[in-house]
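Undergrad: Take a look at this one; I'll ask things after.
Protein chains: 2
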Amino acid sequence: MSTKTRGYDYLPGISIDCVIFGFHDNQLKILLLNFKNTDWLAVPGGFIKESENLEEAAQRILEERTGLTNIYLEQFYVFGDRDRRDNEMLKSLMKAVDGVELSPDHYLMTRFLSIGYYALIDFTKANPTPDYTSDSCQWYDIDTIPTLIYDHSAMVKKALETLRFFLDEKLIGFNLLPEVFTMNDLQNMYETILDKKLLRTNFQRKMLSLGILERLDKKMTGAANKAPYLYRFVGKESNV
Amino acid sequence: MSTKTRGYDYLPGISIDCVIFGFHDNQLKILLLNFKNTDWLAVPGGFIKESENLEEAAQRILEERTGLTNIYLEQFYVFGDRDRRDNEMLKSLMKAVDGVELSPDHYLMTRFLSIGYYALIDFTKANPTPDYTSDSCQWYDIDTIPTLIYDHSAMVKKALETLRFFLDEKLIGFNLLPEVFTMNDLQNMYETILDKKLLRTNFQRKMLSLGILERLDKKMTGAANKAPYLYRFVGKESNV
DNA sequence: ATTTATTGTATCATTGCGGTACAATAATAC
DNA sequence: GTATTATTGTACCGCAATGATACAATAAAT
Chain A
1 MSTKTRGYDY LPGISIDCVI FGFHDNQLKI LLLNFKNTDW LAVPGGFIKE
51 SENLEEAAQR ILEERTGLTN IYLEQFYVFG DRDRRDNEML KSLMKAVDGV
101 ELSPDHYLMT RFLSIGYYAL IDFTKANPTP DYTSDSCQWY DIDTIPTLIY
151 DHSAMVKKAL ETLRFFLDEK LIGFNLLPEV FTMNDLQNMY ETILDKKLLR
201 TNFQRKMLSL GILERLDKKM TGAANKAPYL YRFVGKESNV
Chain B
1 MSTKTRGYDY LPGISIDCVI FGFHDNQLKI LLLNFKNTDW LAVPGGFIKE
51 SENLEEAAQR ILEERTGLTN IYLEQFYVFG DRDRRDNEML KSLMKAVDGV
101 ELSPDHYLMT RFLSIGYYAL IDFTKANPTP DYTSDSCQWY DIDTIPTLIY
151 DHSAMVKKAL ETLRFFLDEK LIGFNLLPEV FTMNDLQNMY ETILDKKLLR
201 TNFQRKMLSL GILERLDKKM TGAANKAPYL YRFVGKESNV
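Line by line, the protein sequences are chains A and B. Quick note on UniProt numbering: the first sequence kicks off at 1 and runs consecutively. Quick note on UniProt numbering: the second sequence kicks off at 1 and runs consecutively.
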C-alpha cells in the first residue's frame, strides 16, 4: 500500500475540508465553491499527500482550491459517519467536473472520513479564485447559506460553534482588523461574530483592562462629533 | 478499494486511540496496555470497520482491548504527523505480538492517522483485562507515566489538557463518585483532576449553588468530629 | 465535662460586569 | 464666535460571583 503500488500520492479514505470564515464591516461570510457544471456548493476540500503533515495538507488544499495562501487553520473535528457521503452524488460530481465515469470499485467510491479545519480572515483582503473543479469561489452571507453537499452544512455549523466558543478564549481576530483601528471597529467585529449586541461602555472597559491594546493618536473622522482614539494590538506574536 | 478487494474489513490508514482516565480516592490514573512480549506501553487502540460510525468504532475498540463496556468517549484530536509512527518499532511489535514478519508493502507499514478519544471513569469500578495483544492492561499513576510508543505520550498530554479545560464546563465526573458521597469526596475529585487545591468553604458554596446536589442524611464516619452530610446528584440524566 | 478535628455557614472584601449618567469634543448650523 | 449635534471616554451605581477569614456545630475520644 505504498504510494507507488496504489497509483496515487494521497492517503486513502481521508480528506480535509476547510471552513473559511470571512469578516469585514459587520458582515460574517463563508467561502464556498460551486462545482463546475453543477448547482452544488461545498467548502474547499481535498486529499492528504503521503509526504505532508496534516497542517501542511490543509494549507495546500486551501491554496489549491481557492488561491488563498498563508492562512492559519485550526483543526476542529473529524466527520466520519458511515453514510456521510452520497455515492450517486459523487458520481454525478466527478462526471460533471472531470468528465470521468467512476466505476463502483474506484477508490473515491469507498468510505471517506474528513478532518475539518477552520480559519477566520478579512474577506476584503482575500481574493479567492476557483481552480479547475469549480465555476466559482465566493463569499456567502452566514445567515443565508444555501444547502451544501454531503455533511458540509453540519461542518459549517460545528465550525461556527467552535469559532464562537473560542473567540474570547484565544483572542482570535487579531488579523481581521487594520493595523490601527477604533474601539468601535473592534466591537463591531465581536458583535458580528458572536451575532449579538454588546454594551459599548462595558466592552471598552473590558478590552482596555486586558492590556493588549496600545492607544495611539485620535482619528479625525470628519464627523460632527468627538474623534475616537486609534488602537493597535501589542504583542501580536502572542496570537495563534 | 472495497472491503473485499482489500482483503480486510477496516478503513485503511486510520486508527483510533483511546485515552482512558481513571479516578478514585484522590488518584488520577490512566489505562495502558503492555504489548505482549515487549516492554512497550500504549493506550488502547484499533481500527475502524467499514460498517461502523466513528463513535461505535471507538467503543468497540476499547471493549476489545480492555473489556470495558459502555464507556462514553469524546473525540479530542487527530494525530497525523507524517512520521508519527516508527515502522521498525511496528515490525518488532507485530513480530512479538502476532509472530508475523511484516513485509515492507504490508498495509500496516503505510502511514496511519489516529483519531484520539478520551473518557473519564472510576478505576475501582472498571475491571480491565488485556486481549491477546497484551500482557497486561493496567492503571498507571498520572504523575509517573512511563514513555509510551509512537506519539502516545503527546496524545495523553493533549487529552489531559482537554479534560481539565472541560471539567467545569460539562460537569463531567457524575459517574466517578458513589451514588452518595460527601462534599469532601466531590472536592477531592476536582482537586485531583485539576491538580490544584481549592478552598473548602467556597467550593461547598459553589457546588450547593448549582442546584445539582440533593442533601441526604449525615454519615457517621466514626471519626472524632462532626459528621458530614451525604449528597446525591439530582437529574443525572443531564450527564454525558 | 473537656478536648479535638472536621464540617456547615456567616461574613467581609474584592472583582467583574450590566447598566446609567455625564463630561469631552469635532464638525456643523446659525 | 456661539450654539447644536452626535459620538466617544470615563466615572459611577448595583448586583453577583468569588477569595478569604471567622466561628459555631458536633461526633468521638479523653
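Cβ coordinates follow ideal geometry from the N, Cα and C atoms, glycine included. Given the structure is predicted, the values throughout are model-derived calculations rather than measurements.
(1) Residue 294/A versus chain B: which residues are under 7 Å apart at the beta carbon?
(2) Please compile the residues from chain B whose C-beta is within a distance smaller than 9 Å of the C-beta of Ile61/A.
(3) Using a Cβ cut-off of 8 Å, pull out every chain B residue sitting near Tyr77/A, in sequence order please.
(4) Could you please give the first and the last residue of the uninterrupted alpha helix (DSSP H) stretch that includes Ile61/A?
(5) Could you tell me the distance, in whole angstroms, from the CA atom of Lys49/A to the CA atom of Glu63/A?
(6) Ordered along the chain, which non-local residues of its own chain (more than five positions away) have a Cβ less than 8 Å from that of Met220/A?
(7) Taking the straight line between their C-alpha atoms, what separation do you get for Gly211/A and Ser136/A?
(8) Under 8 Å Cβ-Cβ, which residues of chain A neighbour Asn53/B?
(9) Going along chain B, which residues have a C-beta under 7 Å from Ile115/A?
(10) Would you list the one or two residues that DSSP bridges to Asn34/B?
(11) How should Leu176/B be labelled, buried or exposed, when 16 other C-beta atoms within 10 angstroms of its C-beta is the threshold for buried?
(12) Between which two residues does the alpha helix (DSSP H) containing Leu186/A stretch?
(13) For Gly46/A, tell me which candidate among Ile71/A, Cys18/A, Phe23/A and Leu73/A has the shortest Cα-Cα distance.
(14) My output table needs one value for Lys125/B: the three-state DSSP class, helix, strand or coil.
(15) Can you confirm whether the segment 13-28 of chain A touches the segment 189-201 of chain A when touching is taken to mean that 3 or more C-beta pairs between the two stretches lie within less than 8 Å?
(16) By how many angstroms is the C-alpha of Tyr107/B removed from the C-alpha of Gly13/B?
(17) State the start and end residues of the unbroken alpha helix (DSSP H) segment that holds Ser209/A.
(18) Looking at the structure shown, is Phe165/A part of a helix, part of a strand, or coil, going by DSSP?
(19) Taking the alpha-carbon positions, what's the Arg111/B to Asp151/A distance?
(20) Is the CB-CB distance between Arg232/B and Glu214/B below 8 Å?
(21) Would you report the Cα separation of Ile20/A and Met155/B, rounded to the nearest angstrom?
(22) Which word fits Leu163/B, buried or exposed, when buried means at least 16 other C-beta atoms lie within 10 angstroms of its C-beta?
(23) How big is the Cα-Cα spacing for Glu161/A and Tyr118/A?
(24) Do Asp217/A and Leu208/A count as a contact pair if the criterion is CB distance below 8 Å?
(25) Excluding the 5 residues preceding and the 5 following His24/A in the sequence, name in chain order all residues of the same chain whose CB lies nearer than 6 Å to its CB.
(26) From which residue to which residue does the beta strand (DSSP E) around Glu74/B run?
(27) Could you give the C-beta distance for Leu90/A and Leu102/A, rounded to a whole number, given that I count them as a contact under 8 Å?
(28) Measuring CB to CB, does Leu68/B end up less than 8 Å from Pro128/B?
(29) Using only CA atoms, which one of Ile16/B, Pro130/B and Gln204/B lies nearest to Lys36/B?
(30) CB-CB under 8 Å to Leu11/B, same chain, minus the five flanking residues each way: which ones, in chain order?
(31) Just reading off the alpha helix (DSSP H) that residue 257/A is part of, what are its end residues?
(32) Terminal residues of the continuous beta strand (DSSP E) containing Pro12/B?
(33) If you count every other CB in all the chains shown that lies within 10 Å of the CB of Gly99/A, and 16 or more means buried, which is it?
(34) Whole angstroms are fine: how far does the CA of Glu56/B sit from the CA of Ile61/A?
(35) Using the rule of at least 16 other Cβ atoms within 10 Å of the residue's Cβ for burial, across every protein chain shown, is Tyr77/A buried or exposed?
TA: To lay it out plainly:
(1) The question about residue 294/A has no answer here: the residues shown for chain A are numbered 1 through 240.
(2) Residues of chain B passing the Cβ test: none, with the nearest at roughly 13 Å.
(3) Gln75
(4) Leu54 to Thr66
(5) 14 Å
(6) Ala227
(7) 42 Å
(8) Gly80, Asp81 and Arg82
(9) Val78
(10) Leu41/B and Ser136/B
(11) buried
(12) Met183 to Leu194
(13) Cys18/A
(14) coil
(15) yes
(16) 8 Å
(17) Arg200 to Ser209
(18) helix
(19) 26 Å
(20) yes
(21) 27 Å
(22) buried
(23) 11 Å
(24) no
(25) Asp122, Phe123 and Thr124
(26) Glu74 to Phe79
(27) 7 Å
(28) yes
(29) Pro130/B
(30) Phe47, Ile48, Lys49 and Glu50
(31) Only positions 1 to 240 of chain A appear in the structure, and residue 257/A is not among them; the question remains open.
(32) Tyr10 to His24
(33) exposed
(34) 30 Å
(35) buried
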